[in-house]
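Worksheet for the structure shown next.
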Ligand code: JFZ
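Residue numbers (this note's numbering): 66 to 494.
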């Protein structure tokens with residue numbers, strides 16, 4: 066009789082489920098819905114106070130092109146993104162999936178097909194993990210607001226929400242991430258969030274769940290800022306490419322490839338992930354310059370990937386105008402995004418260097434005097450215009466101490482203890 070495996074403690078099971086997510090580092094967020102037809106942000110129904118009756122016909126005019134999800138998944142792969150999270154239902158209440166609980170969905174209305182099913186298949190074709198975004202807040206459902214002040218409405222609405230989450234986690238095979246959003250207007254108790262998460266894990270025992278149904282979940286979700294959570298707690302920073310999540314062609318200030326690469330370094334240094342969003346147009350096309358920027362980032366990750374994907378040891382070094390660090394054990398990766406020329410000085414490293422090289426390239430000359438490291442013989446121009454990574458090996462765990470004062474250590478903190486010169490023998494008189 067095979068010994069039955071003892072169930073893991075909850076915290077061990079959580080680490081088990083999070084393992085792939087920690088390694089993934091970089092994901093693609095997709096915001097797509099009826100709002101994409103208006104092109105004025107995914108909150109347009111709320112911000113412009115569009116009545117439900119006036120908004121609803123968008124469900125019939127929504128006519129996506131053929132298989133847009135395949136293009137997104139291929140682009141994500143080229144970008145070095147290892148998972149995707151797509152809106153299955155945003156606050157507008159329109160379901161991109163076939164639901165038995167409402168006809169306000171892509172199968173029954175304009176698209177005439179299950180857009181979530183297409184998305185799942187596209188992710189799997191590219192070997193990407195599958196995430197579902199699902200908004201608890203719902204501006205279309207008649208109980209979506211009333212549930213806060215009427216118990217019968219709350220019961221109906223919570224049954225609807227739980228029912229749809231059950232549909233999503235039952236009808237599409239293995240799902241890797243459940244990404245709740247905006248738990249207005251109920252408390253975690255009002256949503257019955259504990260029961261919601263328990264159901265999700267029963268249906269999908271390996272799934273990870275975020276913190277936006279009012280419970281901590283498996284990971285935190287800093288939005289539009291990169292802020293590590295408490296040590297050991299997994300987190301994922303979600304960021305727009307411009308400033309809107311949904312398709313908004315009038316919002317033209319897009320992040321550059323340099324900026325995306327710096328965000329990847331920041332999340333790696335803090336032990337978290339970056340979920341970078343695209344907001345496709347109503348046909349499903351990805352607006353410029355996102356494809357080009359994502360491909361540049363992917364090419365950069367081809368060259369310097371381990372300095373982001375594998376450098377998971379938090380290293381909150383001090384700021385330098387020439388760049389910043391990620392760390393993997395005794396190795397520091399210096400992400401130099403402002404190239405100083407043939408010589409680069411780094412202060413404050415109170416650890417003995419043993420090697421230096423352009424990552425994936427030639428060795429670099431170095432001299433270290435106390436806590437001042439100078440790399441020389443570098444190319445005059447930056448080898449990689451986005452960011453050049455220099456790989457530095459140390460004896461023991463690298464540390465950096467700078468602070469505000471200018472205190473030069475009076476001896477090498479790592480030098481072998483100096484032998485006192487033997488006292489000179491004086492000749493007997
Ligand atoms: C929410 C959505 O409203 C938004 O449209 C997008 O989907 C984003 C990923 O999630 O945005 C939020 C959610 C929470 C806060 C702010 C914006 N908040 O807690 O301050």
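Glycine included, each C-beta is placed from N, C-alpha and C at the ideal position.
A quick note: this is a predicted structure, and the numbers were derived from the prediction, not measured.
Closest by C-alpha distance to residue i, when choosing among the options
{"i": "residue 278", "options": "292, 257 and 290", "result": "257"}
{"i": "residue 384", "options": "358, 394, 377 and 411", "result": "411"}
{"i": "residue 78", "options": "218, 145, 271 and 251", "result": "271"}
{"i": "residue 253", "options": "284, 214, 321 and 223", "result": "223"}
{"i": "residue 237", "options": "115, 161 and 122", "result": "161"}
{"i": "residue 90", "options": "173, 148, 117 and 188", "result": "148"}
{"i": "residue 249", "options": "240, 265, 214 and 241", "result": "214"}
{"i": "residue 154", "options": "179, 136 and 139", "result": "179"}
{"i": "residue 96", "options": "444, 377, 467 and 350", "result": "350"}
{"i": "residue 152", "options": "458, 459 and 242", "result": "242"}
{"i": "residue 429", "options": "443, 205 and 221", "result": "443"}
{"i": "residue 225", "options": "116, 166 and 280", "result": "166"}
{"i": "residue 402", "options": "251, 323, 395 and 418", "result": "323"}
{"i": "residue 194", "options": "88, 114 and 116", "result": "88"}
{"i": "residue 471", "options": "461, 436 and 458", "result": "436"}
{"i": "residue 463", "options": "357, 441, 396 and 445", "result": "396"}
{"i": "residue 36", "options": "304, 221, 266 and 329", "result": "Limits of the chain in this structure are 66 at one end and 494 at the other, which puts residue 36 out of reach."}
{"i": "residue 467", "options": "438, 426 and 181", "result": "438"}
{"i": "residue 206", "options": "348, 172, 240 and 168", "result": "168"}
{"i": "residue 131", "options": "394, 348 and 355", "result": "348"}
Beta-carbon proximity list for residue i, same chain, < 7 Å, skipping 5 on both sides
{"i": "residue 261", "result": "227, 230 and 278"}
{"i": "residue 424", "result": "369, 372, 398, 454, 455 and 456"}
{"i": "residue 346", "result": "101, 312 and 352"}
{"i": "residue 164", "result": "170, 229 and 232"}
{"i": "residue 382", "result": "389, 390 and 465"}
{"i": "residue 296", "result": "none"}
{"i": "residue 122", "result": "none"}
{"i": "residue 81", "result": "73"}
{"i": "residue 441", "result": "407, 408 and 430"}
{"i": "residue 266", "result": "272"}
Close-in-space but distant-in-sequence residues of the same chain around residue i (CB under 8 Å, 5 per side omitted)
{"i": "residue 290", "result": "302"}
{"i": "residue 315", "result": "104 and 105"}
{"i": "residue 268", "result": "231, 234 and 235"}
{"i": "residue 83", "result": "273, 283, 284 and 299"}
{"i": "residue 433", "result": "414, 417, 418 and 439"}
{"i": "residue 426", "result": "448"}
Beta-carbon proximity of residue i to residue j, cut-off 8 Å
{"i": "residue 341", "j": "residue 325", "result": "yes"}
{"i": "residue 184", "j": "residue 244", "result": "no"}
{"i": "residue 431", "j": "residue 421", "result": "yes"}
{"i": "residue 414", "j": "residue 387", "result": "no"}
{"i": "residue 129", "j": "residue 72", "result": "no"}
{"i": "residue 451", "j": "residue 143", "result": "no"}
{"i": "residue 141", "j": "residue 76", "result": "no"}
{"i": "residue 338", "j": "residue 86", "result": "yes"}
{"i": "residue 247", "j": "residue 309", "result": "no"}
{"i": "residue 209", "j": "residue 203", "result": "yes"}
{"i": "residue 377", "j": "residue 406", "result": "no"}
{"i": "residue 150", "j": "residue 98", "result": "no"}
{"i": "residue 449", "j": "residue 365", "result": "yes"}
{"i": "residue 145", "j": "residue 362", "result": "yes"}
{"i": "residue 187", "j": "residue 124", "result": "no"}
{"i": "residue 108", "j": "residue 343", "result": "no"}
Close-in-space but distant-in-sequence residues of the same chain around residue i (CB under 6 Å, 5 per side omitted)
{"i": "residue 380", "result": "334, 390 and 392"}
{"i": "residue 294", "result": "285 and 300"}
{"i": "residue 494", "result": "Caution is warranted here: a pLDDT of 44 is assigned to residue 494, below 50, making its placement in the model unreliable, and the coordinate value is therefore given only provisionally. So the list is empty, once near-sequence residues are dropped."}
{"i": "residue 320", "result": "306"}
{"i": "residue 219", "result": "212"}
{"i": "residue 374", "result": "90"}
{"i": "residue 460", "result": "417 and 419"}
{"i": "residue 70", "result": "none"}
{"i": "residue 174", "result": "124 and 125"}
{"i": "residue 288", "result": "303"}
{"i": "residue 331", "result": "291"}
{"i": "residue 189", "result": "none"}
{"i": "residue 280", "result": "253 and 258"}
Uninterrupted beta strand (DSSP E) stretches inside the region 181-257 (no shorter than 3 residues) | Counting only runs that start and end inside the region 181-257, the beta strand (DSSP E) elements of at least 3 residues fall at 194-200 and 242-246.
Considering only residues of the region 395-480, which uninterrupted beta strand (DSSP E) runs meet the minimum length of 3 residues and lie entirely inside it, listed in chain order?
-> Here the runs fully enclosed are 396-401, 409-412, 417-423, 430-434, 437-441 and 453-460.
Every unbroken beta strand (DSSP E) inside the region 264-350 [3 residues or more] | Taking 3 residues as the shortest admissible run, the region 264-350 contains the following complete beta strand (DSSP E) segments, listed from N- to C-terminal end: 301-304 and 338-343.
In chain order, which beta strand (DSSP E) runs of at least 3 residues are fully inside the region 123-189?
-> As far as the region 123-189 is concerned, its whole beta strand (DSSP E) runs of at least 3 residues are 148-154.
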